[in-house]
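Reviewing the structure listed below.
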Amino acid sequence: MFDMNYFIFIAIPTLIISFLVQMYLRSTYNKWSKVRNANGLTGAQVGEALFDRTPLNEIGMQVVPGNMTDHFDPRANIVRFSQGTATQPSVAAMAIAAHELGHVQQYQTGSALIKARGFLLPAVQFSPTLSYLSILAGIIFNVTGLLWLGVFFFGLMVLFSILTLPVEFDASRRGIALLGEAGLLSADQDRRGANAVLRAAALTYIAAAVTAVLQLLYYITIANRRR
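According to numbering that gives the first Met the number 0, the sequence shown is numbered sequentially starting from 0.
Rendered as structure tokens:
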């Protein structure tokens, strides 16, 4: 049950990658959350401006507790901003708000990327439990078929993680375009800061995808050993 190779080649490298990415994200966010955007708009006001000045269909916006807990909930059709994003007139708040409305635009325009990821969502909701139980049972009882079943379910999670990358990149691209269309990127500092915040956030998804792929390869290696 204990495999030193897992800790050397999977656990330790992914922990280091995740730690460095999170440190970079926090550093970038902290820097640009202290810089006031040129229009002096909070994240919530940026959201209102984008709905008013672009073809986006207006939906509800809410404030939720926490820091960087911002997200678009397509089931409720509502954008939820963290306290910091909703109330601060910073470059970081502007960038995050625009990113979430980029997701709104994806859904409202029927993005193929969103549809592909949404197709996998029902399966992915159960995949983690089924995957780990199957892999664990396969190892304990030395049943190769269970191992491969676990690998299959884990592969669905990996595919979902990989599909998330272009979805998030596209949302950031759309967010920047929306800001430009609404006339909110007149200052070069705003553009540089918004791009910096969104690039840092994108690294978290890249790190998650890399971690998932490494784990999948490890599980495949275990299954191959037991043929």
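All residues carry an ideal CB built from backbone N, CA and C; glycine is no exception. Since the structure is predicted, the reported quantities are computational estimates derived from the model, not experimental observations.
- The C-alpha of A122 lies about 8 Å from the C-alpha of L155.
- Annotation: the stretch 61-138 contains the following complete segments of the beta strand (DSSP E) (minimum length 3 residues), in chain order: 70-72, 77-81.
- Counting the other CB atoms within 10 Å of its CB gives R224 a total below 16, which places it among the exposed residues.
- With respect to V196, A91 sits close: the two C-beta atoms are nearer than 8 Å.
- Assignment of G59 by DSSP, reduced to helix, strand and coil, places it in the strand class.
- The DSSP-derived three-state label of R35 is strand.
- If you ignore the 5 residues before and after V45, its C-beta comes within less than 6 Å of the C-beta of M93, A96, all in its own chain and listed in chain order.
- Under the three-state reduction of DSSP, R225 is assigned to coil, being neither helix nor strand.
- Annotation for T163: the continuous alpha helix (DSSP H) segment containing it runs 143-180.
- A181 sits away from R35, with the two beta carbons spaced by 8 Å or more.
- Its Cα nearest to that of A222, the residue V142 stands out among R172, V142, W31.
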